[in-house]
Every structure is written in structure tokens, then in C-alpha cells.
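Encoded as C-alpha cells, the structure appears first; notes follow it.
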Amino acid sequence: MANLREIKTRIESVKSTKQITNAMKMVAASKLRKAQDNIINARPYSDHINQMLQTLKNKNISSDHPLLAEATGKGKTAYVVVTSDRGLCGSFNTHIIKEAIAHHKENPDADLVCIGKKGYDYFKKHSTKVTENYINLFNEMDFSVSGDVAEKILSLFLDENYDKINVIYNEFKSAIRHDIVVKQLLPIVPIESEKNSKLDYVYEPDEDTIIFELGIKYIHVDIWRIMLESSAAEQGARMTAMDSATENAAELIDRLTLNYNRARQAAITTEIIEISSGAEAIQQ
Amino acid sequence: MSKIHIKVIQPTQIRIDKECDHLIIPGVAGDFGISFDHTPFITKIRIGVLQLFQNEYCEEYAIHDGFVTVENNVVTIVCDTIEKKNEIDIARANASRKRAEKRLKSSEENINFRRAESSLKKALVRLGLNSE
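Protein sequences appear in the order of chains A and B. Heads up, the first sequence is in the working numbering, so the first residue is 1 and it goes up one at a time. Heads up, the second sequence is in the working numbering, so the first residue is 1001 and it goes up one at a time.
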């Protein structure tokens, strides 16, 4: 049986780990609340941009605009993989990376763009070529930061003849659930909105200019939304992971305490036997 | 009751949501006024000043990069940045004006002229609004 002091140090160390995981859980919970607010606040903006784009697209169906034209199947494909910058969030990153690898195997010529340090580190380690990477963006989430990413992705699409750009990310469902989403980012597929305006608008300067500018804005907003979703999902995953870590630590402490008490009792018993048998020996 | 509902939506919040008598918006093809019963209209905004008129009182905002939709007397503006006169950081605008001017004057080739030009315009609008 392990000696008393060993068990005692072990208990102390598990206790301090438990404190840390508990604190991380609290931090993740408060960050999650903020991230959820961000998602809700971003909604009116993206809804409106989407609605405008939908109206425009319905109007000139024959438009073979570069941002909206259907993918031809020829040319390069790229995957944007959104992971977190930090670990300790359960299976959040591993699932995304697995999904990305599956897609990459199917389509070995596809290029990779990584948002988030974890994904980038993984592919770098396994010597897979990463075309672009953005790390440590999630610390200071700002619309202009995601704007830079969007601009780069747009320039890839427009200038380097990519046929299709897909994005793989975690979509936030609830604090304990997030789903992996693989979605086509470019060419743009506007979501059908129920509020479809039948009005005949006057456009200034003209439809084509507006549709192009709006398309660019749409990508900005979409990247922003994806990053918000991913960061909310990350905090949710971290909260759940840290919650179960705290629970496990508590369980471990209970078990170790039990062992400690047993060992202590055994030691006392041995001592009493030693004393009493010593006393008996003297009496005889 | 010939009021126009004006809504300004930013990526992080709904900034303005109220009624006004009429307004003047800086469009790409020039400033335009919106009064009651305007025709359905969509345009892009240029860097400039948005004016809201309500009972002879005028509110001014510095605004850049966005889109306007006008329909059924509801004006919806989606834009990245909008600042009221008293929110503008004059020192920052001045500094950004100087930086942009320096960049535009420099003969280096690897500068982004479009970006420098737009930041100069933004700074000038901000400063112009405060000098009146």
C-alpha cells in the first residue's frame, strides 16, 4: 500500500488541478455569454445583407457574376478550416481536423486555409501544405479583423482562379452542443429568406456594381458570423470539458481520501498491535 | 403622419432606430435627400455625412462604407462605422490624416493607395464635422 505522505501530496495536487479547471470553467462560461450576445447582435446585419442580395439575384437570374456564378467543377478548390487558438476544449478541434482530413483525402489537390492555431499546428506537423493561416485572431474579435481574412479569401477566389471555396467550422447550437458544418463559401449561395421583397427598386449606380459590392460585403459578414459561431462553440466546448474535468477531479479526491484513511487506519492498527504485543512480552 | 423610419444597422448592434421628417444620405453618385413616399431605392454609401432632420433640428453623423435600402418609408442603412459628432476622437482623426497624407506623398511603390486615400477621406469628414 502506498505510504501516507505520497497519497497526501497526490490529493493536494489533484485539489489544485480541480481549482484550475473550475476557474477555467467559470471563465469559459462568461466568455460564452459574451460570444452568444455577439452572435445575436450580428444577426440583423447579416439578415439584411442577405435579403438585399436575394432580391438582386432574383431580379437578374441570367447573371453570371463571378461571385454568384455556379462552380464549374474545373479549377482549384480550397478548404477554410476554422479551429480554436487554444486547447483544453475537449473534442472541439480533433473533430474539425478529422473532417478536414477526410475532405482533403477525397480531394488531394485542394488547398487549405487555416483560421486558428490548433488546425495550423496540426497540418504543419504532418507536413500538409497550408496556403494561408490566421492565428490568434480570437483574442480580439473585431469586425475589421474578420474583414482582413475575408479580403484575402476573396482575392484568392477572384485572382487565383479558385473554382470553389468551402469552409469547415463548428456551429454553435447550445452550451453543450456544437455541430460540424461544411459549407460552400464561394461562389455565394444566398439563403432563401421568407421576407422576399417584390418591389421594383431603383439602383444607383447600377445592379452589377451593387451586386458585386454587396457580394464582397456578404463574404465579410459570413466570415464574421462563422468566426463568432466557432468562438461561441469553442467556449461551450471548453465549459463542458472543464466541467467534467472538475467532476473527475472531485471523484479522484474522494477515492484518494478513502485510500488515505484506510492506510492511516492500517498504520494505527499496526502500531497498536506493536505496542500491545510489546507490553505483553514485558509482562511475561 | 408623414414620418420616415430610419434604421442604422452595424455588425455589432442596431445603432439608430427612430422616426424623422427627412434625411440626407451621402450616396456614391452624390448626396440625396429622402422625404415621405420616396420610390424604392438601393444604393451604396460613400464616406460622408448623414443628416437626420426632426422638427427643424438636425443630427449629423460621420458614416462610411455601407448600403441603403429605401422602401415603404423605411430607410435601412447597413454600415460598418457611424459616429455622432461628439463621439469623434479629434486627436485620432488628426493623426490619421497626417499619416495618410504622408503615405500618399511618399514615392514608395508598395503602399496601398486606395486604403490611404479612403483613410484620408474618413479623417477629413470627421474633422469637417467638428470644425463647423
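Note that beta-carbon positions come from the ideal geometry of N, C-alpha and C, so glycine has one too. A quick note: this is a predicted structure, and the numbers were derived from the prediction, not measured.
inquiry  = In the DSSP output, which residue or residues are listed as bridge partners for Y120/A?
reply    = DSSP output for Y120/A lists no bridge partner at all.
inquiry  = Taking DSSP's pairing of strands, which residues face T1043/B in a bridge?
reply    = E204/A and V1068/B
query = Residues of chain B with a CB under 7 Å from the CB of Y45/A: which are they?
reply = Taking a Cβ-Cβ threshold of 7 Å, the residues of chain B close to Y45/A are I1009, Q1010, P1011 and V1078, in chain order.
request  = Could you name the residues of chain A that P1040/B contacts, counting a contact when the two beta carbons are closer than 9 Å?
outcome  = Neighbours of P1040/B in chain A, taken as residues at a C-beta separation under 9 Å, are given in chain order as S197, L199, D200, Y201 and V202.
request  = Measure the alpha-carbon distance for G1033/B versus Y1057/B and round it to whole angstroms.
outcome  = 16 Å
query = Quick one: which chain B residues come within Cβ less than 7 Å of P187/A?
reply = The premise fails here: P187/A is roughly 20 Å from chain B at the closest Cβ pair, so nothing lies under 7 Å.
ask   = On the three-pair Cβ rule with 8 Å, is the segment 233–248 of chain A touching the segment 83–94 of chain A?
value = Yes, the segment 233–248 of chain A is in contact with the segment 83–94 of chain A.
query = Should M52/A go down as buried or exposed, given a rule of 16 or more other Cβ atoms within 10 Å for buried?
reply = buried
task = List the residues of chain B that N41/A touches, going by C-beta distances under 9 Å, in chain order.
result = Within chain B, the residues near N41/A are Q1010, P1011, T1012, Q1013 and I1014.
ask   = When Cβ atoms are compared, which residues of the segment 1016–1028 of chain B fall closer than 9 Å to chain A?
value = Flagged, chain order: G1027 and V1028.
key: Any chain A beta carbon closer than 9 Å to K1122/B   = no
query = Taking all protein chains shown into account, do 16 or more other C-beta atoms lie within 10 angstroms of the C-beta of L1104/B, making it buried, or fewer, making it exposed?
reply = With fewer than 16 Cβ atoms within 10 Å of its Cβ, L1104/B is classed as exposed.
query = Helix, strand or coil: how does DSSP classify K173/A here?
reply = Strand.
query = I1045/B: which of T1039/B, D1089/B, V1070/B and K1018/B sits nearest, CA to CA?
reply = Looking at T1039/B, D1089/B, V1070/B and K1018/B, the one whose alpha-carbon comes closest to that of I1045/B is V1070/B.
query = Are the C-beta of F1036/B and some C-beta of chain A separated by less than 9 Å?
reply = no
request  = Sort out for me which residues DSSP pairs Q1010/B with in a bridge.
outcome  = Answer is none; Q1010/B lacks a bridge partner.
inquiry  = Within the continuous beta strand (DSSP E) that includes G1027/B, where are the two ends?
reply    = H1022 to G1027 is the span of the beta strand (DSSP E), which, as asked, contains G1027/B.
key: N136/A in three-state terms, based on DSSP   = coil
key: As assigned by DSSP and simplified to three states, the class of V145/A   = helix
task = Quick one: which unbroken beta strand (DSSP E) runs of 3-plus residues sit fully inside the segment 12–97 of chain A? Chain order, please.
result = 76–82
task = Could you have a look at L1052/B and say whether DSSP puts it in helix, strand or coil?
result = strand
ask   = Who are Q283/A's beta bridge partners in DSSP?
value = Paired residue(s): none; Q283/A is not in a bridge.
task = Taking only beta carbons into account, state which residues of the segment 1056–1073 of chain B come closer than 7 Å to chain A, listed in chain order.
result = Taking a C-beta cut-off of 7 Å against chain A, the contacting residues of the segment 1056–1073 of chain B are F1067, T1069 and E1071, listed in chain order.
ask   = How about N288/A and H220/A: are their beta carbons less than 9 Å apart?
value = Outside the shown range of chain A (1 to 284) lies residue 288/A, about which nothing can therefore be said.
query = If we call anything under 9 Å between Cβ atoms a contact, is H65/A one with D208/A?
reply = yes
request  = Using a threshold of 9 Å, state whether the C-beta atoms of D111/A and T72/A are closer than that.
outcome  = no
query = According to DSSP, which residues form a beta bridge with L112/A?
reply = Beta-bridge analysis with DSSP links L112/A to Y79/A.
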